[in-house]
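Residues 3 to 181, numbered by my numbering, are exactly what the sequence shown covers, in order.
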Amino acid sequence: MSHVIDTCPGVPIHWLVPGPSFLETFPVGRASAGQGVLPFDIDTHGNIPCAYSHNCAGTTGTPMSPCNIKSHTKYQFLSHSDMVNITRQYSAENNRLKLKGLNDVRRVSHVLIQLDDYKSLIMALSEHDIPHLQHILTVALKRGSSIQQIINTLEDSLAGAYHPRGYTGDDLDMAVLAY
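Set out below in structure tokens:
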């Protein structure tokens, strides 16, 4: 009498994860040997992939479900699709940090230019006796002039190209005498 042994049909894996194919979206690295290995083998030769327990003695009635991917999962246990998504996330983060770096460089260079302008103003004030200095600064600040405009006005005043309008001490003395 011959005894026919039925082989285990396995548990069909109804993989509902969107993607091009089962092998690209399932973490096949976890089906191999090593730490973090799944407790079943996978057969992908048929139309529907099936899972078989390592200690299979018959059929199992529990369906398999997709794995939840933890952020600290080793790359060897991720599917191709998961690694593509992680690569895209890293690429987006890289681009965001590049843009932030460029903006920071622009901001720092602007501040350095302003600092140079203030140093130029201090140097101009300390090295030269500029006539009507208080009057020039008062008018420039009332107009809302920038530091560079103030420096240019002071340079023009030193060169004799700018003459501030206003009354000198002599003009005020003459007005008092005439009044």
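All residues carry an ideal CB built from backbone N, CA and C; glycine is no exception.
task = Flag His130 as yes when its Cβ comes closer than 7 Å to any non-hydrogen atom of the ligand FMN, and as no otherwise.
result = Here there are no bound small molecules, and the ligand FMN is not part of this structure.
Check your understanding: How many Å lie between Pro133 and Lys100 at the Cα?
Key -> Distance between the alpha carbons of Pro133 and Lys100: 50 Å.
*Count the other CB atoms, across all protein chains shown, that sit within 10 Å of the CB of Thr27; report buried if there are 16 or more and exposed otherwise.*
Buried, because 16 or more other Cβ atoms sit within 10 Å of the Cβ of Thr27.
- Task: Have a look at Ser122 and Ile153 and give me their C-alpha separation to the nearest angstrom.
- Result: When only Cα atoms are considered, Ser122 and Ile153 end up about 7 Å apart.
Given Phe24 as reference, the closest of Ala163, Met176 and Ser83 once Cα atoms are compared
Answer by Cα proximity: Ser83.
Exercise. Flag this pair as yes or no: are the beta carbons of Asp119 and Ile149 separated by less than 8 Å?
Key: Yes; because the gap between Cβ atoms is below 8 Å, this pair is in contact.
Q. Around the C-beta of Gln151, are 16 or more other C-beta atoms found within 10 angstroms, so that it is buried, or is it exposed?
A. Gln151 is classed as exposed because its beta carbon has fewer than 16 other beta carbons within 10 Å across all chains shown.
* Asked: Ala177 by DSSP, collapsed to three states: which one?
  -> Ala177: helix per DSSP, three-state reduction.
**Message:** By alpha-carbon positions, which one of Gln91, Asp175, Lys144 and Tyr77 ends up nearest to Pro29?
**Reply:** Of the residues Gln91, Asp175, Lys144 and Tyr77, the one whose Cα lies closest to the Cα of Pro29 is Tyr77.
- [ ] State the start and end residues of the unbroken alpha helix (DSSP H) segment that holds Ile149.
- [x] Here the alpha helix (DSSP H) through Ile149 covers Ile149 to Ala161.
query: If you draw a straight line from the C-alpha of Ala53 to the C-alpha of Val39, how long is it?
result: Whole-angstrom Cα-Cα distance: 13 Å.
message: Using the Cβ count rule (16 or more neighbours within 10 Å means buried), how would you classify Ser159?
response: Label assigned to Ser159: buried.
Between which two residues does the alpha helix (DSSP H) carrying Phe24 extend? Element bounds for Phe24: Phe24 to Thr27.
Just the C-alpha distance for Asn97 and Gln91, rounded to the nearest angstrom, thanks. Spanning the two alpha carbons is a distance of roughly 10 Å.
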